[in-house]
Each structure stands twice: as C-alpha cells, then as structure tokens.
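Trainee:
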Amino acid sequence: MQLHVSPQALSMCASNGKCFVNFPGHVELSQWSSFNPKNVFHQELEPRCQNTIKCYKRDMM
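Using UniProt numbering, you'd call the opening residue of the sequence shown number 1 and step up by one each time.
1) Assuming Leu45 and Cys19 form a contact by the criterion Cβ under 8 Å, report the distance between their Cβ atoms to the nearest whole angstrom.
2) In the structure shown, what three-state DSSP assignment does Gln8 receive?
3) Would Phe35 pass as a contact of Leu29 if the rule is Cβ separation under 7 Å?
4) The beta strand (DSSP E) that contains Phe23, what's its start and end?
5) Can you give the Cα-Cα distance for Gly17 and Gln31, rounded to whole angstroms?
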C-alpha cells in the first residue's frame with residue numbers, strides 16, 4: 001500500500017515573535033534558523049497560523 005501525503009500536510013507553522021509563516025517542512029525551518037540567527041523562527045501549533053499576522057518579505061530579512 002502506498003501512502004500519498006500532500007505537501008501542505010508536511011508544512012510547519014512557525015513564528016519569529018512578530019509574524020507567522022508556513023515552512024515546507026522541518027528541514028527548511030532548521031536551515032532558515034541556521035542561516036538567519038538574528039531572525040530565528042520557532043515551530044508553533046498549526047491553529048496559530050490560521051487567521052494570524054502572516055510574514056511579509058521584509059519580515060523574513
């Protein structure tokens with residue numbers, strides 16, 4: 001039996017304390033935090049990403 005999982009099911013909700021963003025997965029979230037130590041995102045519960053302040057491109061810098 002083959003299990004099909006949509007990419008959205010693997011995405012991770014994360015916050016830097018100012019806004020929320022969905023990363024494609026845990027690897028991307030970890031890579032972001034490694035390369036951007038002054039703007040680290042931490043995993044949040046998925047409901048926190050619903051109807052909240054989304055990050056703009058400037059928030060990601």
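For every residue, glycine included, the Cβ atom is placed at its ideal position computed from N, Cα and C. Computed from a prediction, not measured in an experiment: that's the story for all the values here.
Mentor: With the given structure in hand:
1) Not confirmed; about 16 Å, so no contact.
2) Bear in mind that a pLDDT of 49 at Gln8, under 50, signals an unreliable position, so the number given afterwards is only what the model happens to contain. Reduced to three states, the DSSP call for Gln8 is helix.
3) One thing to note: Phe35 has its Cβ no nearer than 7 Å to the Cβ of Leu29.
4) Phe20 to Phe23
5) 18 Å
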